Each structure stands twice: as structure tokens, then as C-alpha cells.
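Notes follow once the structure below has been shown.
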Amino acid sequence: MTSQVSSPAEQADGAVVGEQRKPAGTKDVRRLDRVIIRFAGDSGDGMQLTGDRFTSETASFGNDLSTLPNFPAEIRAPAGTLPGVSSFQLHFADHDILTPGDAPNVLVAMNPAALKANVGDLPRGAEIIVNTDEFTKRAMQKVGYETSPLEDGSLDGYSLHPVPLTTLTVEALKDFDLTRKEAERSKNMFALGLLSWMYHRPTEGTERFLRSKFAKKPDIAEANIAAFRAGWNFGETTEDFAVSYEVAPAAQAFPVGTYRNISGNLALSYGLIAASRQADLPLFLGSYPITPASDILHELSKHKNFGVRTFQAEDEIAGIGAALGAAFGGSLAVTTTSGPGVALKSETIGLAVSLELPLLIVDIQRGGPSTGLPTKTEQADLLQAMYGRNGEAPVPVVAPRTPADCFDAALEAARIALTYRTPVFLLSDGYLANGSEPWRVPEPDELPDLQVQFAQGPNHTLEDGSEAFWPYKRDPRTLARPWAVPGTPGLEHRIGGIEKQDGTGNISYDPANHDFMVRTRQAKVDGIDVPDLTVDDQDGARTLVLGWGSTYGPITAAVRRIRKEGGRIAQAHLRHLNPFPRNLDAVLKAYDKVVVPEMNLGQLATLIRAKYLVDARPYNQVNGMPFKAEQLAHALKEAIDD
43 MTSQVSSPAE QADGAVVGEQ RKPAGTKDVR RLDRVIIRFA GDSGDGMQLT
93 GDRFTSETAS FGNDLSTLPN FPAEIRAPAG TLPGVSSFQL HFADHDILTP
143 GDAPNVLVAM NPAALKANVG DLPRGAEIIV NTDEFTKRAM QKVGYETSPL
193 EDGSLDGYSL HPVPLTTLTV EALKDFDLTR KEAERSKNMF ALGLLSWMYH
243 RPTEGTERFL RSKFAKKPDI AEANIAAFRA GWNFGETTED FAVSYEVAPA
293 AQAFPVGTYR NISGNLALSY GLIAASRQAD LPLFLGSYPI TPASDILHEL
343 SKHKNFGVRT FQAEDEIAGI GAALGAAFGG SLAVTTTSGP GVALKSETIG
393 LAVSLELPLL IVDIQRGGPS TGLPTKTEQA DLLQAMYGRN GEAPVPVVAP
443 RTPADCFDAA LEAARIALTY RTPVFLLSDG YLANGSEPWR VPEPDELPDL
493 QVQFAQGPNH TLEDGSEAFW PYKRDPRTLA RPWAVPGTPG LEHRIGGIEK
543 QDGTGNISYD PANHDFMVRT RQAKVDGIDV PDLTVDDQDG ARTLVLGWGS
593 TYGPITAAVR RIRKEGGRIA QAHLRHLNPF PRNLDAVLKA YDKVVVPEMN
643 LGQLATLIRA KYLVDARPYN QVNGMPFKAE QLAHALKEAI DD
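Next up, the structure:
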């Protein structure tokens, strides 16, 4: 898709009804500028697949979009229970948007648990499509419904569409050689077909996908396609759905280019591959599977043709140990994990600091502590990334702000690691990892040059005039030591965790040398070249909202709302958290108030207050979910008026 750039202000959540038209012989069609849909059901009902397919067709149609998958940690949670509810929320529009939306306009509830878990998020007047076949007495009692919510008037404030999805699906597939249980599994495709009709989504891509997914089981593929078409036809013919809706493509929301829908983990994977190609180095991933980082391992394992090697280790420590060994051997080395894995990797990260080798530590943050909330999002690993090692072991920290931005953040983390010979933290989170949005595929000449020069021979002249290789003789500009690939003649040198003598790399217990090496490693990180922080400012704004990572979307949406209502507020968002941009001190002190929203208990605010002696006011949330734009807008208005 190609389009011209535009940046209309994000409006309040909820679809805005525009022109209504009725072509001859069809139902009414209403034009909306945006819609927020949530699919919800048991974790075995295929809600993530349903949402993903609807998203893919919406992306191909040309809408801007943002998604929020939400699912249990258990592989198969107890059926029909509130903890077992899985949902997928999609916000799509004819203009640029930033978040998955605060409140759904449409809820598809596959059972009573899905209804009860989600109805509290709906605004009055929202549409609810329920699978009436699942509203049995036992199923309702399991989630605390004493009477049927479909009949007791508790849903009178909504537009309720009772649909026997299971029965209709089984009837549509009666000519297939399937058991009833097998046929019932296709009810999510029936629901997808119905919603595709309601919002005029393309269908060809979904049918191609199903034929590809079930290529070895063509009967199953055709059954799912039949259920999908039956759902479409049901919407077209039933009297319960008198109106369908159109959301035009976001023709002016994007710069000209080729776009695709992409999740954060996929974008990060592609960014790592691009970095290895730009550096002309093989990519090595040493990893142990952990939610929500495992998709990166899965994706990179598919790309051996690009020189990617993936190693699934027996534990977190082995994963990073193998990655550090690959870095010593001359690869662009990566290890992926989440917060609990970072704790296990901390000793080897310290070793990488001491060895001064490039290594990317990708932390897809999730709720904690300990196992915590494996499938929910949080930003609570910042202080762990900054200080979670013994001794003085500084590590640069980079954080992407949107799913698509994970691509660029991976390139930036690789640039720093390769240029300065240091491990680098890349802090994403579950919200970015699993969420998706349109991404403009960059042209090759837009990518940075990451080529590195390995040591080739002696670099130091001894007092007797002979030539020698000193593994810790530094580049005067970057303070990076030379990178010598093992096996290069004449470049033999020691590595290990014991302190090294400056220059020679020999083991040293000298106090003065240790002091010098500690301060030099810190100076190397402090001296990393990072761009100045840019500020989206309004004349007269006296309050600055400062964010990092995945809070970008909700913060920006909230700022747009405040400005639309006449409020004045400035916004800045950090990508580099260690070192901070050099102009951050001046930016902070240019405002009377600084508010720092975070999905933790105030970790960035603590760093800001300690380093710059600024009264940064934290606004925190740790419920496993991203901020809502309206919630942030309210908090920021209070800060402005305070």
C-alpha cells in the first residue's frame, strides 16, 4: 500500500458514525472513522487466530491499526472459567492511531466467562455478539451468573446480538465427514466471517491462509473455509444485523512506501537479521524458551539462509554462555529472555562487561516478581538492567516504543554493541512483543552501516622496539578495545572474569589498575554517542510528560486529547536509558513540572530524581495491562492544574 503522510489528532475512543447509505437491494452501510473490536472466549476457542486473521485483512485493506492480544499463562486453562478467558482487541481507523483503544465498540463473547470477564470494559451502547449455545445453566453458574444475563435485563444498555454460533457452524459443516466436536472447533471461523461481513473486510487472504495452514489436511481446510463463508452469509441474510459498517483506508496516515502488519517480536527478529547483514557478521542466538520472548527464537530459526544460527540451550545460563562464546568468535551474538531469565544471566552479563565483547541481551519484560504474570506486560526490569550485576558493571540500555519500532531499536542496540564492544540491553515488553501495527519496509540504503574492523596484527610497540598485540589497548574516541577473532596468527590473548591489566590484558590485582579499569569501563558507556532528546512542545507549556518504552502510544494519545481540549503540555520519550541523552538535564529543567508514567512503581522517575535532582512525579500502574489513553489524560490534566 502507498499513501501520503498525515497526522490528524487522535479523537476520543469510540466509532464516529458518518454518512449512512443504502445501495439498492442491500442493507444499510454506515461509515465510521474507527472501530475497536474484542474477540473473547476460552483459551482453546482460537481467539488469537481469529483476531490475527481479522488484523491481517484489515492491514491489507489499508487501515491504520493497533492490537492487544491477552491470554492466560496456562497452555490450556480450565474451560469456561474466568482465568481461562483469552481475548484479542483490535483498533482500526481511517487515520493514524496509537493504541489498541480504551473500550471496545464490539465484543464477541464465545461463552459466559468471556462475557463476564469483558463486559465491564464496554461503553453503554456497545454491540455484544454472544454464542448462545454456550449459555447453559452449568456454564453460567461456573462464573457466578445466577440468572442468564441474556434474559435478566442486565445487558439492556447494550446492543445485544444472540447468535447460536456452535449450532450454525455444525449445520454449515453437516456435509463434511467430521464429528460434532471437530465441527464445533470451526465456530471461531464462523464468527470471523460474520465480523468480516459487518466491517467489509477482504476474505481472499483468510481463505488462502486456511488452505496453507491445513495443506496436509485439505478436508479440514475446506471445512474452516465453509464455516467462514457461512458466517459471512449469515450476516448478509439475518434480520438481526440490519447494518454493516465501512472504515475507509488510512490513505493519508503513512508516508509513501510498502507496508505490512508486524508484531514487536517479529520486527525485532527482522531488525537483528538486518543488523547482522549490515555488519557482515553471522548472527548467533543462544536462548532458552521463555514467555513472551520465545517467538524470537522461533522466527530466527527459520532464517538459516541469512547466516543465522539458533541454539536452544538447556537453561538460561547456557544460552547466554553460548552467545558470549559466539561473540568471542566474531559473531553478532544475541540472547533473548524475560525478567526471570535476566536474573539467571546476570553473572555472564558481568563477564561480558569485563571481556568487553559485543552482546545483545533482549529482555521482553513481563509481570513479576518471580514467575509473576508470564503473559501480561510490565516495565519493571529497568533497574535490573541498569544495576542487576555484582560490582560496577555498566551496560547501555535501549528501549523501543512501538511494535514496528522494535526493528529500529534492534539496529541501534547492535550499533552500540559493535562500536563500543559492550553488552547492550534491549528492553521490550509483552505489550510490544505481541501487539502489532503497520510497518513501512525500509529500503536497503536507509539502513545504517554497521561494518566492523577486526584486529589483524600487532597494535603496540614495546620498549625494546618489538611489536605486540595488546587486547585492551583502546580506541581513543570510543574507548573500545580491539576485537580479535580466535585463530588469527599473533593475536593470542587471555580472557576471563578476573580483572585485567590495562593494555596487556594480563591478570592484575593491583588496586590502582582496578580503579582505572572500573572508571574506564564506566567512561566508555557514558561516552556513547546517542541523539539528543527531541521534545514535542507547545508554546506556553509548563508541564512535561516523559516516557520510555511501550508507554509511547497511550501517552501520545493522551497528549493529543489534552491539546484538542485546549490544554498545553509538552512530551518527550526516551529511547536511550543508559546513557541518557546529553540534553536531558536542560530539557527537564525547562519545565515547572515533569510527570513520568510507567508500568512499574517509578523506576525511571527514581533515576531521573537521583541524577538530575528534578522533582519528577511518577504515575504508575502494575496491573499487567497497558495504560488507557483516557486514564492518562485525566492524570495529566490534574498535574497541569495542580
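In my numbering, the protein residues as written are 43 to 684. Each residue gets a CB set at the ideal place from its N, CA and C atoms; glycine is no exception. Model, not experiment: these values are computed from the prediction.
Cα-Cα separation, residue i to residue j
i    : j    : result
T279 : R271 : 12 Å
I570 : V439 : 11 Å
V58  : L474 : Because the pLDDT at V58 is just 47, under 50, the model does not fix this residue reliably, and the value given afterwards should be weighed accordingly. For V58 and L474, the distance between alpha carbons rounds to 27 Å.
E116 : F511 : 54 Å
D106 : E680 : 31 Å
D450 : T141 : 19 Å
Q543 : H556 : 8 Å
F558 : C448 : 36 Å
T525 : N665 : Note that residue 525 is Trp in the sequence shown, not Thr. The alpha-carbon atoms of W525 and N665 are separated by roughly 44 Å.
D581 : L192 : 52 Å
G430 : S388 : 7 Å
P480 : K344 : 22 Å
F134 : D94  : 13 Å
T352 : Q294 : 40 Å
M667 : R166 : 22 Å
A369 : D337 : 22 Å
G589 : G410 : 21 Å
R624 : V572 : 8 Å
T530 : S380 : 36 Å
L236 : W274 : 5 Å
L374 : I79  : 41 Å
T419 : I540 : 37 Å
K515 : G88  : 57 Å
T562 : Q498 : 24 Å
Outcome for residue i when other beta-carbon atoms lying within 10 angstroms are tallied against a minimum of 16
i    : result
S412 : exposed
Y301 : buried
T585 : buried
L643 : exposed
E607 : exposed
F96  : buried
H712 : Any answer about residue 712 is impossible in this case: the structure gives the chain only from 43 up to 684.
P518 : exposed
G313 : buried
V384 : buried
K259 : exposed
T221 : exposed
T444 : buried
A66  : Note that A66 scores a pLDDT of 42, beneath 50, so its modelled location is shaky and nothing firm can be said.
E358 : buried
Y187 : buried
D487 : exposed
Residue i and residue j closer than 8 Å at C-beta
i    : j    : result
I406 : S470 : yes
L310 : L327 : no
H618 : Y594 : no
N173 : L207 : yes
A233 : V150 : yes
A82  : G126 : no
L397 : A456 : no
G349 : P324 : yes
Cutoff 7 Å; reference residue i; Cβ partners in own chain excluding five residues on either side
i    : result
V601 : V587, I611, Q613
P244 : E99, S102, F103
D144 : D55, K670, A671, E672
V656 : L630, K631, V636, I650
Sequence-distant residues of the same chain with beta carbon closer than 6 Å to residue i, five excluded per side
i    : result
D627 : Y654
E434 : V560
A658 : V636, V638, A647, I650, R651
R482 : G299, Y301
H242 : E288
F256 : I262, A263
T92  : F81, N230, L234
E454 : V440
N112 : S129
Beta-ladder partner(s) of residue i, from DSSP
i    : result
I79  : L132, V148
P204 : V172
L325 : V350, L374
Q495 : BP columns for Q495 are empty, so no partner.
V289 : L74
D84  : V127
T109 : L132
W481 : R302
P465 : L401
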